[in-house]
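Working notes for the structure below.
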Amino acid sequence: MENSETIAGTSLENPDGLHKDEGVLHQVKEANKEDGKEDSGISSEDQTSKEQYSRTVKELDSQHFVVQSDKLKDPNICLDAPFYCELCAVKLGNLNACQSHVKTKGHKKVKKTKGEFFSLLRVAPPSEHQILALNTLLDSVFLKHGLCPVKDFPTRQEIAKDVGKTVCDKFPECSVSIYGSSFTGFGLQESDVNLDLVIPDEVDVPHVLLSILDLLRKDEHYCDVKSEFDAKVPRILFKHLSSGLVCELSPGNGTAFKTSCLLKKYCDFDPRVRTLAVALRYWARICNVDCQAEGGLPGYSLALMVIQFLQETKPPVLPRLMPYEAIDKDSPHASENFVSGNKEEIGSLWFQLFRFYCVEFDIQNLVISIKDSIPVTRESKRWGHRRVAVEDPFSSKRNVACSLSSDRAYDYFFTCWKNSFLYFSSLPQNGK
Ligand SMILES: [Zn+2]
């Protein structure tokens with residue numbers, strides 16, 4: 001929409017039938033005369049001009065980002081002019097100058113590139129009532145779809161134990177441990193069970209994998225046992241009959257196991273971490289961006305996004321831990337005594353999470369990193385400028401979100417993100 005036309009239209013609505021520019025000058029004169037003060041003796045003509053003036057100012061604000069200086073929220077901007085263009089960072093002396101300014105090519109060009117960002121910046125947070133409703137919604141999503149510590153955790157641990165026993169009976173030097181969302185608690189109830197097969201260096205990996213494949217096929221507790229040995233990481237997939245859970249057994253998940261330990265550590269600091277992470281995974285499922293094999297994001301990259309956000313809230317909900325020290329039980333820093341001063345409700349944090357990656361965090365240029373307190377640029381890692389970049393806390397060369405590999409998938413993901421930010425805000429938005 002060509003917004004300058006709307007502004008001009010507003011001026012032309014002058015009931016005196018004045019020329020457009022004369023109309024504006026008249027409004028400015030009237031407004032200056034009134035200087036913002038209402039008078040009981042004000043004539044109806046004055047009142048019309050004043051209303052028109054207010055309408056024009058409102059439209060300049062909502063459509064062109066030209067605001068009255070006393071409404072500016074940024075305290076760093078000098079208030080020695082009555083109007084200010086937020087897009088061009090230009091001070092403007094009067095309404096006439098504002099109307100000329102918004103018609104300039106320069107302003108229109110900046111509006112095209114920065115307009116959406118500034119619109120998002122103005123989006124109002126949810127009201128108290130909305131936050132209460134969000135609290136209830138997020139709690140129910142967590143209860144309905146998250147892993148239950150009493151029911152789901154023991155079932156998954158039991159599967160890991162049973163598979164471990166099958167493996168160890170034949171290969172006592174090998175072991176099986178659970179990792180991923182079944183371990184951290186960031187998963188959904190139907191999330192796969194990730195099992196790490198630890199095989200000592202001297203043991204022949206293909207031989208062990210083929211033997212285990214055979215053992216699982218013969219075991220009546222499992223069905224749909226199949227191998228994917230030509231995958232990037234060779235793995236065995238099977239279904240645990242009594243729970244119906246799909247399990248994935250693969251060797252060489254040492255780093256993923258460490259990441260799981262670190263995520264669990266963060267999870268234990270504050271119950272809001274798990275609720276947010278589970279809700280975001282559920283959100284990703286609804287938006288269909290959670291399937292890594294189909295170009296979506298792996299579940300734990302979403303958990304890392306939640307953690308980085310919670311480290312950046314003011315005051316922070318989570319500390320920034322040194323990854324290796326945090327998971328080392330013998331390290332003096334392993335049990336950091338962090339108590340958060342942040343008492344925000346979960347509904348408010350949910351909205352702020354979406355706001356954070358829309359307007360606060362420079363997602364185009366920065367890497368989501370839970371270990372570095374100074375911003376990590378994509379340039380420093382040569383990870384390009386599009387798509388989501390999430391650093392593996394134990395392997396800084398690895399972008400765990402690299403599965404979101406196409407520009408279209410990124411655009412879709414970010415559109416979902418922006419729409420959710422708007423959806424959970426206060427409506428109407430219109431910059432008010
Ligand atoms: Zn401008």
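First residue of the sequence shown: 1, per the UniProt record's numbering; consecutive thereafter.
From the three backbone atoms N, C-alpha and C, an ideal C-beta is built for every residue, glycine too.
- Remark: three or more beta-carbon pairs, one from each stretch, lie closer than 8 angstroms, so the region 186-199 and the region 298-306 are flagged as touching.
- If you draw a straight line from the Cα of Lys-91 to the Cα of Leu-366, it is about 31 angstroms long.
- A distance below 7 angstroms between beta-carbons, with the five flanking residues on each side excluded, links Pro-393 to the following residues of its chain, in chain order: Thr-259, Leu-262, Pro-323, Ile-370 and Lys-371.
- Val-102 sits close to Leu-60, with the two beta carbons spaced by under 8 angstroms.
- Counting only runs that start and end inside the UniProt domain "PAP-associated" (346-396), the alpha helix (DSSP H) elements of at least 4 residues fall at 346-355 and 378-381.
- Leu-241 is classed as exposed because its beta carbon has fewer than 16 other beta carbons within 10 Å across all chains shown.
- The DSSP-derived three-state label of Pro-319 is coil.
- Around the beta carbon of Asp-290, a 10 Å sphere encloses 16 or more other beta carbons of the protein chains shown; the residue is thus reported as buried.
- Short note on Val-67: C-beta not closer than 7 angstroms to any heavy atom of ligand 1.
- Taking a C-beta distance under 8 angstroms as the contact criterion, Ser-227 and Ile-236 qualify as a contact pair.
- Taking 8 angstroms as the cut-off, the beta carbon of Cys-287 is found closer than this to the beta carbon of Cys-416.
- Thr-166 places its beta carbon 8 angstroms or farther from that of Leu-134.
- When C-alpha distances from Met-305 are compared across Ser-340, Asp-407, His-64 and Gln-352, the shortest belongs to Gln-352.
- Collapsing the DSSP output to three states places Val-339 in coil.
- In the assembly as shown, Gln-52 is a buried residue. Its beta-carbon has 16 or more other beta-carbons within 10 Å.
- Per DSSP, reduced to three states, the secondary structure at Cys-291 is coil, with no helix or strand assignment.
- Val-90 has its Cβ nearer than 7 angstroms to a heavy atom of ligand 1.
- Distance from the C-beta of Val-57 to the nearest heavy atom of ligand 1 is not below 7 angstroms.
- Contact check for Asn-94 against Pro-82 passes: the beta carbons are separated by less than 8 angstroms.
- With a cutoff of 7 angstroms, Cys-98 does not count as near ligand 1, since its C-beta is closer than that to no heavy atom of the ligand.
- According to DSSP, Tyr-84 shares a beta bridge with Val-67 and Lys-91.
- Relative to the Cα of Val-176, the nearest Cα in the group Thr-48, Ser-182 and Leu-195 belongs to Leu-195.
- Taking one beta carbon from each stretch, the region 346-362 and the region 308-319 have 3 or more pairs nearer than 8 angstroms; the two touch.
- According to the DSSP secondary-structure assignment, Gly-146 is paired through a beta bridge with Leu-188.
- With fewer than three CB-CB distances shorter than 8 angstroms, the region 199-207 does not count as touching the region 270-288.
- By a beta-carbon distance limit of 8 angstroms, Phe-65 does not contact Leu-79. Their separation comes to about 17 angstroms.
- Comparing alpha carbon positions, the residue from Asp-328, Gly-295 and Gly-347 closest to Ala-401 is Gly-295.
- Straight-line spacing of the CA atoms in Arg-408 and Ile-212 works out to 40 angstroms.
- In the structure shown, the three-state DSSP call for Ser-242 is coil.
- In the DSSP annotation of this structure, Asn-253 is not part of any beta strand (DSSP E), being labelled neither H nor E.
- The DSSP-derived three-state label of Ile-199 is coil.
- Only buried fits Thr-275, as 16 or more other CB atoms lie within 10 angstroms of its CB.
- Between ligand 1 and Leu-87, a heavy atom-to-CB distance of less than 7 angstroms is present.
- Note: Val-176 is bridge-paired with Leu-197 in the DSSP secondary-structure output.
- Of the candidates Tyr-222, Lys-343 and Val-208, the residue whose Cα lies closest to the Cα of Val-273 is Lys-343.
- Comparing alpha carbon positions, the residue from Leu-209, Phe-269 and Lys-218 closest to Leu-249 is Leu-209.
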